[in-house]
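So the number in this note's numbering is just where the residue sits in the sequence shown, counting from 1, plus 828.
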Amino acid sequence: MAMETFILGEGGGRTEEEFTEKLTNARALINYLEEKGINARRSRIGRYTEFYDRYLSQKCSEQEVRDHLLFVMREMDEWSWIYRGLTIKEPDGFLELLKIAIGGPEYAKEETENTRPRNIQLELRVASYFLQAGYEVSFAGVEDLLVKIGRYRVFIECKRIGSAKQIRKRAKEAVRQLKRRYAGARGQSYGLAVLDVSRVIHPLQGIAMGVNETVARDGLRAQLVKLDRDYDTSDIFSKDRRLIAVWHQAIAPTIHEAENDIATRFSSLYSIYGREGQKKWDLFQQMKMAFEVV
């Protein structure tokens, strides 16, 4: 029997702020967290902010800039993205997750066994897409996301993939967990799986490079498409009849060589597990704005 094909779509963008604006945003986030009773100044968020301040004051050595600037930028750009959603609406259950997410090692590339802070950071980042697009979001009772689309509940399972060997394993985990959540839900519910494959495409959170912005953008998207083809999980996800879509995401600090420019690039690829006329298809059309937020 031939494998059913699924409609693919792409999304993504890059950060545009100057570093002075990045520092302003970082300070605003620190103040926001402190007002919530979170000691952010002594967390890695505080250390990122201090680095920006030193960098802009020209107090960093050339070695420090080479070793840290791109990685601090990548981390803080993700946190600024999370903060942008929270300024629109604070979802139920978010505060306890914020307290955990600011923990962990300084950079994702240093992560070993303590993956929980950045696992939750991913969930907060995905929540921000939906918050910025105007959807009702909740973390109440569980760590993973719940988005309400009209009278329907859409459960979102977020998985950070550490290596290519983990892709199918984590896909199976997502399906199992979604099915458990459907079983315990009131009313009709559906699912969305989000797979962050940044560490598969760029192990140890490596830097992406391109002659210019267009080459860097197309290169990252091509890597996502190749990964989706090389490690096809459609046979796993198609077993979940309530699954709306699978959303592959990647974040990379990027150098545009000819333009002497650096930025954090967000790229995504989504597969829709529904057909026109199905409720899953209708729900995706209603959710689509979140996939297009940049």
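Virtual Cβ for every residue (Gly too), placed ideally from N, Cα, C. The structure presented is a predicted model; accordingly, all values stated were derived computationally and were not measured.
Quick one: is residue i buried, meaning 16 or more other Cβ sit within 10 Å of its Cβ, or exposed?
i: Pro-1031; result: exposed
i: Gly-1102; result: buried
i: Arg-1009; result: buried
i: Asn-947; result: buried
i: Arg-855; result: exposed
i: Asp-1046; result: exposed
i: Arg-998; result: buried
i: Lys-1054; result: exposed
i: Gln-1051; result: buried
From the DSSP output, in three-state form, read off residue i for me.
i: Lys-997; result: helix
i: Lys-987; result: strand
i: Arg-1103; result: coil
i: Ala-830; result: Only weak support exists for where Ala-830 lies, its pLDDT of 36 falling under 50; the value from the coordinates is given anyway. If DSSP states are grouped into helix, strand and coil, Ala-830 belongs with coil.
i: Val-1121; result: coil
i: Gly-913; result: helix
i: Tyr-1010; result: helix
i: Ser-1096; result: strand
i: Ser-1017; result: strand
i: Glu-838; result: strand
i: Gln-1113; result: helix
For the alpha helix (DSSP H) containing residue i, name the first residue and the last one.
i: Asp-920; result: Note, Asp-920: premise wrong, no alpha helix (DSSP H); not H, not E.
Residue i CB to nearest chain B CB: under 8 Å?
i: Val-982; result: Structure shown: chain B not included; a single protein chain is present.
List, from N- to C-terminal side, the beta strand (DSSP E) runs of 3 residues or more that fit wholly inside the stretch 927-979. Positions of the beta strand (DSSP E) runs, each at least 3 residues long and wholly inside the stretch 927-979, are given as 964-966 and 973-977 in order along the chain.
Going residue by residue through the stretch 1065-1091, where are the continuous beta strand (DSSP E) segments of at least 3 residues, counting only ones entirely within it? 1071-1084
The stretch 999-1011 in contact with the stretch 969-988 per 3-pair CB rule at 8 Å: yes
Which full runs of the alpha helix (DSSP H) of 4+ residues lie inside the stretch 862-886, going along the chain? Listed in chain order, the alpha helix (DSSP H) runs fully inside the stretch 862-886 are 872-884, counting runs of at least 4 residues.
At 4 residues or longer, what runs of the alpha helix (DSSP H) sit wholly inside the stretch 1021-1046? 1026-1029
Is the stretch 915-930 touching the stretch 876-884 in the sense that three or more CB pairs, one from each, lie closer than 8 Å? no
Does the stretch 1017-1026 come within contact of the stretch 988-995, defined as at least 3 CB pairs closer than 8 Å? yes
Would the stretch 1088-1097 count as touching the stretch 1060-1069 if we require 3 or more Cβ pairs under 8 Å? no
Pairs of beta-carbons, one from the stretch 841-857 and one from the stretch 1107-1115, closer than 8 Å: are there three or more? no
The stretch 945-959 touching the stretch 887-898, judged by at least three CB pairs closer than 8 Å: no
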